[in-house]
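Enquirer: Structure provided below as structure tokens; questions to follow.
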């Protein structure tokens, strides 16, 4: 039994190595070599006891999870609180297919397009599991010629993240979208969205909370001042977005080593993203971005 457990562990480690190489887009020869090692390990472990073989791992697929009754009760309470608030604000819900035509999602996510799950049906049609709820919503509006709608949508989305490499990431998870599409007075929809967030968090009674408001123009100005080339704005923005989950040292390394940004520019970005505090304390530093 101990030998079998060790073999299972070796298979898990080798499987992670294969997934890592694929995520890093290593050469086909290197991937094939590691896959061959993985198959050899699986061959050594042999067949399990007949019909019980399919349950031998006793765990869900990596990047997914099960929810027990207690967790489901909590999730349902949270969802009901959110839905109640959306409905009070006059929003309607829609639903879209869990998969879309591949061409619908192509080119919408920049470098994150590599995280899209691609499918192929029996007829050869190229499909993809939805990466988020925003692009399917845009497709829905265009297809139905809808120009004004206040809509909410809570549903699962799918991403080919490597949970072993990006801690806290799942391959299957829920997203909650609330959108006001159409022509309105400036800032009115934005103010309503903030009010909705405040109402939901207050009703959930989670204690003190802070709502962070972002403006893409500030980020664009910061990149321009720091000297980020125009063709790298989007990819560097994607890296900076990881600061909530990764320390600055790892973010800086990705910008310099993987995305070719100069160390001087990366260090200037680091000075800006480290700014914290009330508006009066940060006003002087932010002004230079205008």
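In my numbering, the protein residues as written are 37 to 326. Using N, Cα and C, we set each Cβ at its ideal position, and we do this for glycine too. Every value quoted in this text rests on a predicted model; they were computed, and no experiment measured them.
Give me, in chain order, the residues of the same chain whose beta-carbon lies closer than 8 angstroms to that of residue 182; leave out the 5 immediate sequence neighbours on both sides.
Expert: If you number the chain shown from 1, residue 182 lands on position 146. Answer for residue 182: 176, 217, listed in chain order.
Enquirer: Going by DSSP, what residues sit across from residue 122 in a beta bridge?
Expert: Indexing the chain shown from 1 puts residue 122 at position 86. The partner list for residue 122 (beta bridge, DSSP) is empty, contrary to what the question assumes.
Enquirer: Restricting to Cα atoms, I'd like to know which of 63, 41, 125 is closest to residue 234.
Expert: On the chain shown, position 198 is the one that residue 234 refers to. Comparing Cα positions, the closest option is 125.
Enquirer: Looking only at its own chain, which residues have a Cβ that is under 8 angstroms from the Cβ of residue 50, when we skip the five neighbours before and after it?
Expert: Here the question's residue 50 lines up with position 14 in the chain shown. So the qualifying residues of the chain are 70, 73, 74, 77.
Enquirer: I'd like to know whether the C-beta atoms of residue 138 and residue 154 end up nearer to each other than 8 angstroms.
Expert: For this step, residue 138 is matched to residue 102 along the chain shown. For this step, residue 154 is matched to residue 118 along the chain shown. It is a contact, given that the beta carbons lie within the stated cut-off.
Enquirer: Name, in chain order, the residues that DSSP records as bridge partners for residue 129.
Expert: Along the chain shown, one-based indexing puts residue 129 at 93. DSSP output for residue 129 lists 188 as bridge partner(s).
Enquirer: Would residue 85 be called buried (16 or more neighbouring beta carbons within 10 Å of its own) or exposed?
Expert: On the chain shown, position 49 is the one that residue 85 refers to. Residue placement at residue 85 is poorly supported in this model, since its pLDDT is 44, which falls under 50; the coordinates still yield a value, given next. With fewer than 16 Cβ atoms within 10 Å of its Cβ, residue 85 is classed as exposed.
Enquirer: Excluding sequence positions up to five away, which residues of its chain have a Cβ less than 6 angstroms from the Cβ of residue 305?
Expert: Here residue 305 refers to the residue found at position 269 when the chain shown is read from its first residue. Answer for residue 305: 262, listed in chain order.
Enquirer: Given a cut-off of 8 angstroms on the beta-carbon distance, is the pair residue 59 and residue 198 in contact?
Expert: Along the chain shown, read from residue 1 onward, the residue named residue 59 stands at position 23. Along the chain shown, read from residue 1 onward, the residue named residue 198 stands at position 162. Yes, the Cβ-Cβ distance between residue 59 and residue 198 is below 8 angstroms.
Enquirer: Taking the alpha-carbon positions, what's the residue 103 to residue 158 distance?
Expert: By 1-based counting over the chain shown, the position of residue 103 is 67. By 1-based counting over the chain shown, the position of residue 158 is 122. The straight-line gap from Cα to Cα measures roughly 32 angstroms.
Enquirer: Is it the case that the Cβ atoms of residue 171 and residue 140 are separated by a distance below 8 angstroms?
Expert: As a first step, residue 171 must be located in the chain shown, where it is residue number 135. As a first step, residue 140 must be located in the chain shown, where it is residue number 104. The answer is yes: Cβ separation under 8 angstroms.
Enquirer: Who are the near neighbours of residue 129 in its chain, counting only those whose CB is closer than 7 angstroms to its CB and skipping five residues on each side?
Expert: Residue numbering aside, residue 129 sits at position 93 when the chain shown is read from its first letter. So the list reads 187, 188, 189, once near-sequence residues are dropped.
Enquirer: Name the one or two DSSP bridge partners that residue 209 has.
Expert: In the chain shown, residue 209 corresponds to position 173, counting from 1. For residue 209, which the question treats as bridged, DSSP gives the partners 193.
Enquirer: Looking at the structure shown, is residue 98 part of a helix, part of a strand, or coil, going by DSSP?
Expert: Position 62 of the chain shown holds residue 98. Of the three classes helix, strand and coil, the one that applies to residue 98 here is coil, per DSSP.
Enquirer: Are the beta-carbon atoms belonging to residue 167 and residue 195 less than 8 angstroms from one another?
Expert: If you number the chain shown from 1, residue 167 lands on position 131. If you number the chain shown from 1, residue 195 lands on position 159. Cβ distance < 8 angstroms, so residue 167 and residue 195 count as in contact.
Enquirer: Can you name the start and end residues of the alpha helix (DSSP H) that residue 274 belongs to?
Expert: Position 238 of the chain shown, counted from the start, is the residue given in the question as residue 274. Residues 269–276.
Enquirer: Using only alpha-carbon positions, find the residue among 271, 192, 266, 219 that is nearest to residue 148.
Expert: The residue you call residue 148 lines up with position 112 of the chain shown. Checked all of 271, 192, 266, 219; the closest Cα to residue 148 is 271.
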